[in-house]
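K.L.:
There are 2 protein chains.
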Amino acid sequence: MEESQSQSQNKTSGGRLYIVGIGPGSIEQLTIKARDVILNADYVLGNSTYLDHVADLLGTQKIIRSSMGKEVDRARKAVDLAKDANVVMVSGGDTNVYGMAGIVIEVAEHENLDVEIEVLPGVTAILAAASMLGAPVVTDFSVISLSDLLTPWEVIEKRLNLASEADFVIALYNPKSRQRKSNFARAIEIIRKYKADSVPVGLVKNALRGEGEAQIVTTLGEVMEHEDWVDMSTVILVGNAESRIWNSPRKDIIITPRGYQRKYDY
Amino acid sequence: MEESQSQSQNKTSGGRLYIVGIGPGSIEQLTIKARDVILNADYVLGNSTYLDHVADLLGTQKIIRSSMGKEVDRARKAVDLAKDANVVMVSGGDTNVYGMAGIVIEVAEHENLDVEIEVLPGVTAILAAASMLGAPVVTDFSVISLSDLLTPWEVIEKRLNLASEADFVIALYNPKSRQRKSNFARAIEIIRKYKADSVPVGLVKNALRGEGEAQIVTTLGEVMEHEDWVDMSTVILVGNAESRIWNSPRKDIIITPRGYQRKYDY
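This is the structure:
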């Protein structure tokens, strides 16, 4: 903390807390503002994975790494430092969507922090995945995490049922982990109660991360054939009743029409 | 079209079609890749509003403006030009979320276009609005457009009912237009059947657009007092049962806890 005070007296008058979405993982998918805020920070905090994603932007800033699962400690440190310095907390994807904005602002509230807090949005993993698949999310959609670490499983099941009944395009996050092998299979089982087996499903790993990108285009009736391929870094997009697959000359693309075909001829 | 062929013979071998999300409207909210792809395009197509947002990036590219409502014509032109040139179709926010990816790829499918199609995601208006409000969307959420131009109103009502029953955080797009004055009031009425009057609601105009930004933090019970303020450019975010408002020393902030408070002490 002493370090931060001497730093701030040189560079800032009063601190500022930025919570910055860094997008899917490659620098080119950051917003220009997110890049500039990171470049000009006194401190950059984050878990090691996210700090590695922006390593090319880190030079003179003080870096505070912490490990996954230490979100509350990390948030407390960011809030403390922000009283006197320009502090950036990096968050994968967007800061809001299962990101760090929540916990950091909760800690700021707890301490009634009186500095400017600026939340910078980023490209969230769902939309990175959607862009790789083509146009699966052009109309109303729901986003559901299958992680029951922080949300009771009954609530997750209820949301899966109602979102499927409403025929939303559905994006599933956190489909699997070592502790939760069966959640993905159970989610697909629920969705199939409402949606036809012909509905397109896209599975995307490491969407726009720059390395390890992979995708599968399949259908709800056949997606369980790919169950072993699905891991914690996979985003799943399930179409609605109007979605279809275009086997284009280059790759398979999912299209969810917005409804223009009801109004126009091509 | 002849123009495009001579152009392409100089600059590219075969064309490429980019569908590019430009984010909320200021250059600094573009991704670095979106900016670079626009800078290097042979043609940039879009409606006038979006082209104005990226005016600082437009110089040597050929620009094709079209007006709102001419999406199909614009898509057809982009697909045609992409056979021989680097073509960028710009789309506000993200390309998928009520964006141009759908219609452009539908037209490409109709013509069985055999060139690389690259969809570049952007910061969507919901997440730009969420970032201005703090952390309202940290957990599962649904996104619903209240425009019944392309979706039947019965489907919209069904989605409002089911998303509210599931206690999703709900983002509403296109709340009002000259033709549809009552849709917003009706949507709030439906949501109030399921969610308590104390649930926080954020209204955001021109989120992160750089000009005209404005926001109101209120509750479901009181949001109709602001009905006249809501217009077509407003995004509405309705919290879930755990969301709360922090009257911070700087501004009112919406927090939807992810559930850390069930697991940790601060």
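Top to bottom, those sequences are chains A and B.
Throughout, the working numbering is defined as the position within the first sequence, counted from one, plus 2.
Throughout, the working numbering is defined as the position within the second sequence, counted from one, plus 2.
Note that CB positions come from ideal geometry on N, CA and C, so glycine has one too.
Does DSSP put D254 of chain A in a helix, a strand or coil?
P.N.:
On the first sequence, position 252 is the one that residue 254 of chain A refers to. D254 of chain A falls in the strand class under three-state DSSP.
K.L.:
Along chain A, which residues have their Cβ under 7 angstroms away from the Cβ of L122 of chain B?
P.N.:
On the second sequence, position 120 is the one that residue 122 of chain B refers to. Chain A residues near L122 of chain B: S133.
K.L.:
Mark V121 of chain B as exposed unless 16 or more other C-beta atoms lie within 10 angstroms of its C-beta, in which case mark it buried.
P.N.:
Here residue 121 of chain B corresponds to residue number 119 of the second sequence, with the count starting at 1. With 16 or more other Cβ atoms within 10 Å, it is buried.
K.L.:
Along the chain, where does the beta strand (DSSP E) containing E120 of chain A start, and where does it finish?
P.N.:
For the purposes of this step, residue 120 of chain A is identified with residue 118 of the first sequence, where counting begins at 1. Segment 118 to 122, the beta strand (DSSP E) holding E120 of chain A.
K.L.:
Between A43 of chain B and chain A, is the shortest Cβ-Cβ distance under 8 angstroms, so that the two count as touching?
P.N.:
One-based indexing of the second sequence puts residue 43 of chain B at position 41. So, not an interface residue.
K.L.:
At what residues does the alpha helix (DSSP H) containing M134 of chain B begin and finish?
P.N.:
In the second sequence, the residue the question calls residue 134 of chain B occupies position 132. Taken as a continuous stretch (DSSP letters only), the alpha helix (DSSP H) holding M134 of chain B covers 127 to 135.
K.L.:
Kindly indicate the opening and closing residues of the alpha helix (DSSP H) around A187 of chain B.
P.N.:
Locating residue 187 of chain B in the second sequence gives position 185, where the first residue counts as 1. 185 to 194 is the extent of the alpha helix (DSSP H) around A187 of chain B.
K.L.:
Which residues, in order along the segment 149 to 181 of chain B, keep a beta-carbon less than 7 angstroms from a beta-carbon of chain A?
P.N.:
L152, T153, K160, R161, L164, A165, E167, A168, F170
K.L.:
Relative to chain A, which residues along the segment 41 to 69 of chain B have a C-beta separation below 7 angstroms, given in chain order?
P.N.:
none
K.L.:
Residues of chain A with CB closer than 9 angstroms to the CB of E244 of chain B, please, in chain order.
P.N.:
One-based indexing of the second sequence puts residue 244 of chain B at position 242. By Cβ distance, chain A contributes nothing, its closest Cβ being about 10 angstroms from E244 of chain B, past 9 angstroms.
K.L.:
For L32 of chain B, return the contacting residues in chain A, with the cut-off set at a CB-CB distance below 7 angstroms.
P.N.:
Here residue 32 of chain B corresponds to residue number 30 of the second sequence, with the count starting at 1. Those within 7 angstroms of L32 of chain B in chain A are T33, I34.
K.L.:
Taking the alpha-carbon of V201 of chain A as reference, which of A:K207, A:N208, A:I193 has the nearest alpha-carbon?
P.N.:
Here residue 201 of chain A refers to the residue found at position 199 of the first sequence. With distances taken between Cα atoms, V201 of chain A lies closest to A:I193.
K.L.:
Which residue's Cα is closest to the Cα of V157 of chain B: A:V145, A:K35, A:T141?
P.N.:
Taking the first residue of the second sequence as position 1, residue 157 of chain B is located at position 155. Distance check between V157 of chain B and each of A:V145, A:K35, A:T141 places A:T141 closest, using alpha-carbon atoms only.
K.L.:
Measure the C-alpha to C-alpha separation of G241 of chain A and I146 of chain B and round it to an integer number of angstroms.
P.N.:
Position 239 of the first sequence holds residue 241 of chain A. Position 144 of the second sequence holds residue 146 of chain B. Computed Cα separation, rounded: 15 angstroms.
K.L.:
For Y20 of chain B and N98 of chain A, what's the separation of their Cα atoms in angstroms?
P.N.:
Counting from 1 along the second sequence, the entry for residue 20 of chain B is found at position 18. Counting from 1 along the first sequence, the entry for residue 98 of chain A is found at position 96. Using only the alpha carbons, I get a separation of about 27 angstroms.
K.L.:
For Y100 of chain B, which residues in chain E fall below 8 angstroms Cβ to Cβ?
P.N.:
In the structure shown, chain E does not exist; the protein chains are A and B.
K.L.:
Which one or two residues does DSSP pair with M91 of chain A in a beta bridge?
P.N.:
Numbered from 1 along the first sequence, position 89 holds the residue referred to as residue 91 of chain A. Per DSSP, A:I21, A:L47.
K.L.:
If we ignore side chains and look at the alpha-carbon of each, how far apart do G16 of chain B and A173 of chain A end up?
P.N.:
Position 14 of the second sequence, counting from 1, holds the residue named residue 16 of chain B. Position 171 of the first sequence, counting from 1, holds the residue named residue 173 of chain A. Approximately 34 angstroms, taken between the alpha carbons.
K.L.:
Between A130 of chain A and V139 of chain A, how many whole angstroms is the CB-CB distance? I'm expecting something under 8 angstroms.
P.N.:
In the first sequence, counting from the first residue as 1, residue 130 of chain A sits at position 128. In the first sequence, counting from the first residue as 1, residue 139 of chain A sits at position 137. About 11 angstroms separates the two Cβ atoms, so there is no contact after all.
K.L.:
Closer than 7 angstroms, Cβ to Cβ, to anything on chain B: give me those residues from the segment 78 to 95 of chain A, in chain order.
P.N.:
none
K.L.:
Verify the CB distance criterion: does G25 of chain A have a CB-CB separation below 8 angstroms to chain B?
P.N.:
The residue labelled residue 25 of chain A in the question sits at position 23 within the first sequence. G25 of chain A counts as touching chain B.
K.L.:
What span of residues does the beta strand (DSSP E) with G204 of chain A cover, start to end?
P.N.:
Against the first sequence, residue 204 of chain A aligns to sequence position 202. Counting along the chain, the beta strand (DSSP E) containing G204 of chain A begins and ends at 202 to 207.
K.L.:
Take I222 of chain A as the anchor and find which of A:S245, A:G23, A:G214 has the nearest alpha-carbon.
P.N.:
By 1-based counting over the first sequence, the position of residue 222 of chain A is 220. This sequence places Leu at residue 222 of chain A; Ile is not what is there. Nearest option by C-alpha distance: A:S245.
K.L.:
Assign H55 of chain B to buried or exposed, taking buried as 16 or more other Cβ atoms, counted over all protein chains shown, within 10 Å of its Cβ.
P.N.:
Taking the first residue of the second sequence as 1, we reach residue 55 of chain B at position 53. That one is buried.
K.L.:
Going straight from the alpha carbon of Q9 of chain B to that of P123 of chain B, what length do you get?
P.N.:
By 1-based counting over the second sequence, the position of residue 9 of chain B is 7. By 1-based counting over the second sequence, the position of residue 123 of chain B is 121. Summary for Q9 of chain B: the model assigns pLDDT 41, below 50, so the residue's position carries little reliability; its value from the coordinates is reported in the next sentence. Each residue's Cα considered, the two are about 27 angstroms apart.
K.L.:
For Q9 of chain B, does the three-state DSSP call read helix, strand or coil?
P.N.:
The residue given as residue 9 of chain B occupies position 7 in the second sequence. Low confidence applies to Q9 of chain B: its pLDDT is 41, below 50, so where it sits in the model is not reliable enough to give any reading.
K.L.:
Report buried or exposed for T62 of chain A, applying the criterion of at least 16 other Cβ atoms within 10 angstroms of its Cβ.
P.N.:
As a working mapping, residue 62 of chain A is identified with position 60 in the first sequence. Looking at its Cβ environment, which holds fewer than 16 other Cβ atoms inside 10 Å, T62 of chain A is exposed.
K.L.:
What in chain B is Cβ-close to E118 of chain A, meaning under 8 angstroms?
P.N.:
To locate residue 118 of chain A, count along the first sequence from 1; it is residue 116. By Cβ distance, chain B contributes R252.
K.L.:
Classify K207 of chain B: buried if its beta carbon has 16 or more other beta carbons within 10 angstroms, exposed otherwise.
P.N.:
If you number the second sequence from 1, residue 207 of chain B lands on position 205. K207 of chain B should be labelled buried.
K.L.:
For a test of the three-state rule: what should DSSP assign to T14 of chain B, helix, strand or coil?
P.N.:
One-based indexing of the second sequence puts residue 14 of chain B at position 12. Any reading at T14 of chain B needs caution, since the residue's pLDDT is 42, under 50, leaving its predicted position unreliable; the model's value is listed next. Looking at T14 of chain B - three-state DSSP - the assignment turns out to be coil, as it is neither helix nor strand.
K.L.:
To the nearest angstrom, how far is the alpha carbon of I29 of chain A from that of L151 of chain B?
P.N.:
The residue labelled residue 29 of chain A in the question sits at position 27 within the first sequence. The residue labelled residue 151 of chain B in the question sits at position 149 within the second sequence. Their Cα atoms are separated by approximately 38 angstroms.
K.L.:
Contact check, K183 of chain A vs M234 of chain A under 8 angstroms by CB: the rounded distance?
P.N.:
Within the first sequence, the letter at position 181 stands for residue 183 of chain A. Within the first sequence, the letter at position 232 stands for residue 234 of chain A. In fact, because the Cβ distance is near 11 angstroms, the residues do not count as touching under 8 angstroms.
K.L.:
Can you tell me whether L148 of chain A is helix, strand or coil according to DSSP?
P.N.:
Position 146 of the first sequence, counted from the start, is the residue given in the question as residue 148 of chain A. The answer is coil: DSSP assigns L148 of chain A none of H, G, I, E or B.
K.L.:
What number of angstroms, rounded off, separates the C-alpha of Q7 of chain A from the C-alpha of D86 of chain A?
P.N.:
Against the first sequence, residue 7 of chain A aligns to sequence position 5. Against the first sequence, residue 86 of chain A aligns to sequence position 84. Note that Q7 of chain A has pLDDT 40, beneath the 50 cutoff, so the model's placement of it is unreliable and no number is given.
K.L.:
Across which residues does DSSP place K64 of chain A in a beta bridge pair?
P.N.:
Residue mapping note: residue 64 of chain A aligns to position 62 of the first sequence, counting from 1. BP columns for K64 of chain A point to A:Y45.
K.L.:
L164 of chain B lies in the beta strand (DSSP E); which residues open and close that run?
P.N.:
The residue given as residue 164 of chain B occupies position 162 in the second sequence. Not the beta strand (DSSP E): L164 of chain B falls in the alpha helix (DSSP H), residues 155 to 167.
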